[in-house]
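**Q** Would you mind keeping the following structure in view while I ask a few things?
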Amino acid sequence: MNNAINLALSNREMLTQLTREVFGRIFPDIRLELLYDVSHNTCKAESHKVDGVERKLWVHRKGATRAFGPGHSALPERYQAVGQPVVIGGSMGTGPYILAGIAESEERAFSSASHGAGRAMSRHQTLKQWHGREIIDELAGRGILIRTRSMRGAAEEAPGRTRTWTWSPRPRRRRAWRAGWSSCVPRSASRGEKSPPEQKTSPPTAVFGVMDREEGDTMDKCKKHLIVGNDKRKLRTLLDHITAGSGWPVAGIRGVPVRDVAHGPHTGYLLQDLGSGEEALAASMDFSGPPMVEKFGVDTGAIDYIVGACRRQLLESRLVIIDEIGPIELSSDLFYTWVVEVLEGLSPVVAIVDRPYLSTYARFGRVHEVRDDADLEAVQDAILIAMQP
């Protein structure tokens with residue numbers, strides 16, 4: 020348990036540092052200092068009174084965190100007079116609460132308090148009630164911008180999925196301190212939320228979650244383009260022209276045929292991550308499989324590796340290119356999942372789709388069929404115009 024807790028703390032320190040580095044790219048002189056680090060969902064060895072007798076217990080706090088009251092021996096000096104701070108995070112649409120532990124909670128809940136508002140419904144129920152696009156539009160109207168690769172992910176975090184915490188000057192109306200677990204301290208309001216009455220509030224708290232790349236980025240079908248045609252060489256040239264014409268940073272995956280001799284038959288296929296340039300041999304006549312696609316054995320591990328490399332580049336990109344969605348690539352479950360993620364996401368996508376799979380993906384965007392050279396220029400112009408903000 021100690022190892023698990025130490026690992027969790029180390030992960031949070033690394034995420035904090037990575038956050039500093041990302042902000043530092045835009046604001047070189049910024050200082051982001053850690054104010055308070057709350058541990059939760061842990062198990063700690065502590066001494067508590069049970070039936071009036073002091074006992075050593077293993078206190079497992081699930082969905083809860085420590086909330087020692089004032090004067091507790093485990094508290095550092097700065098919190099001795101006020102009790103242990105407790106942060107109850109809000110949803111994407113509501114602000115957080117800051118509480119402090121009280122002495123009475125030791126008898127009632129082994130000095131514990133909740134660390135979040137809690138779900139009012141399951142993820143499955145949430146997805147039935149809300150749609151990602153609706154959530155993004157609703158929160159945008161309140162000044163909260165969302166950046167996400169998945170509409171499903173946005174829907175799962177709908178503000179209405181959590182229990183509502185509305186302001187009341189009477190603390191007994193809130194469960195945590197009504198139960199005698201903790202006391203409330205004044206808080207600041209989140210964007211789009213009314214400030215507590217008769218309280219001076221700080222400026223609105225920044226909502227750090229997933230931020231929109233541009234206000235114009237939407238999940239409209241006009242920004243998802245699926246191209247079908249028989250001449251794959253010409254289709255790949257079309258992707259190159261669209262990439263150059265957009266002028267945007269690109270992420271995505273390209274298929275590169277492998278030949279033993281120039282202009283000879285294909286003996287395999289490389290997959291290349293467009294962002295990093297990493298590549299891997301995904302299929303070869305020398306591979307024995309399974310799986311097998313016609314005469315090629317497929318290395319799904321190589322496909323998964325390139326998908327992972329591509330995912331790391333997505334946040335730096337404005338356009339996703341997929342060449343192609345076909346039987347070799349779809350041998351990987353991870354590739355299939357990634358394709359759905361980007362087609363449901365906010366970034367423009369241009370993909371070549373093998374005709375047998377078109378019916379599966381046509382619902383995500385506009386379909387363009389390239390039959391001859393005349394179609395190439397028309398499709399290129401249509402896609403570049405549609406992708407403009």
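So the sequence shown is numbered by the numbering used here: it starts at 20 and just counts up by one. The C-beta atom is built at its ideal place from N, Cα and C for all residues, glycine as well.
Please work out which residues of its chain come closer than 6 Å, Cβ to Cβ, to residue 419, disregarding the five sequence neighbours upstream and downstream, and give them in chain order.
**A** The shown model of the chain, from 20 to 408, leaves out residue 419, and the question about it has no answer.
**Q** Can you confirm whether the stretch 295–304 touches the stretch 356–375 when touching is taken to mean that 3 or more C-beta pairs between the two stretches lie within less than 8 Å?
**A** no
**Q** Mind checking who residue 62 pairs with in its DSSP beta bridge?
**A** To locate residue 62, count along the sequence shown from 1; it is residue 43. Answer is 79, bridged to residue 62.
**Q** Is the number of C-beta pairs between the stretch 337–351 and the stretch 306–320 that are closer than 8 Å three or more?
**A** yes
**Q** Should the stretch 262–278 be called in touch with the stretch 324–343, which here means at least 3 C-beta pairs below 8 Å?
**A** The stretch 262–278 and the stretch 324–343 touch, with no fewer than 3 CB-CB distances between them shorter than 8 Å.
**Q** Can you tell which of 396, 319, 84 and 367 has the C-alpha that lies nearest to the C-alpha of residue 346?
**A** Numbered from 1 along the sequence shown, position 327 holds the residue referred to as residue 346. Taking only the C-alpha atoms, the option nearest residue 346 is 319.
**Q** How far does the beta strand (DSSP E) with residue 286 in it reach, from first residue to last?
**A** Within the sequence shown, the letter at position 267 stands for residue 286. Where residue 286 is concerned, the enclosing beta strand (DSSP E) starts and stops at 285–292.
**Q** Under 8 Å by Cβ, that's how I've got residue 244 and residue 399 pegged, so tell me the actual separation to the nearest angstrom.
**A** Stepping through the sequence shown from its first residue, residue 244 is reached at position 225. Stepping through the sequence shown from its first residue, residue 399 is reached at position 380. No, residue 244 and residue 399 are not in contact; Cβ-Cβ is about 10 Å, not under 8 Å.
**Q** Which partner residues does residue 131 have in the DSSP bridge list?
**A** For the purposes of this step, residue 131 is taken as residue 112 along the sequence shown, with counting starting at 1. According to DSSP, which records beta bridges pairwise, residue 131 is partnered with 85.
**Q** Could you round the C-beta distance between residue 273 and residue 342 to whole angstroms and report it? I think they count as a contact, below 8 Å.
**A** On the sequence shown, residue 273 is found 254 positions in, with the first residue counted as 1. On the sequence shown, residue 342 is found 323 positions in, with the first residue counted as 1. Confirmed, Cβ separation roughly 5 Å.
**Q** Taking the alpha carbon of residue 257 as the point to measure from, which residue in 103, 75, 100 and 401 has its own alpha carbon closest?
**A** Here the question's residue 257 lines up with position 238 in the sequence shown. It is 401 whose Cα lies nearest to the Cα of residue 257.
**Q** Taking the CB atoms as reference points, tell me whether residue 84 and residue 132 lie closer together than 8 Å.
**A** Here residue 84 corresponds to residue number 65 of the sequence shown, with the count starting at 1. Here residue 132 corresponds to residue number 113 of the sequence shown, with the count starting at 1. Cβ atoms of residue 84 and residue 132: closer than 8 Å.
**Q** So, is residue 42 buried or exposed, given that buried needs 16 or more other C-beta atoms within 10 angstroms?
**A** To locate residue 42, count along the sequence shown from 1; it is residue 23. Result: exposed.
**Q** Just how far apart, CA to CA, sit residue 386 and residue 368?
**A** Position 367 of the sequence shown, counting from 1, holds the residue named residue 386. Position 349 of the sequence shown, counting from 1, holds the residue named residue 368. So the alpha carbons of these two residues sit roughly 12 Å apart.
**Q** Report buried or exposed for residue 358, applying the criterion of at least 16 other Cβ atoms within 10 angstroms of its Cβ.
**A** Along the sequence shown, read from residue 1 onward, the residue named residue 358 stands at position 339. Buried, by the Cβ-count rule.
**Q** Would you list the one or two residues that DSSP bridges to residue 311?
**A** In the sequence shown, residue 311 corresponds to position 292, counting from 1. Looking at the DSSP assignment, residue 311 forms a beta bridge with 316.
**Q** Could you please give the first and the last residue of the uninterrupted alpha helix (DSSP H) stretch that includes residue 255?
**A** Reading the sequence shown from its first residue, position 236 is the one you call residue 255. Annotation: the continuous alpha helix (DSSP H) that includes residue 255 extends over 251–265.
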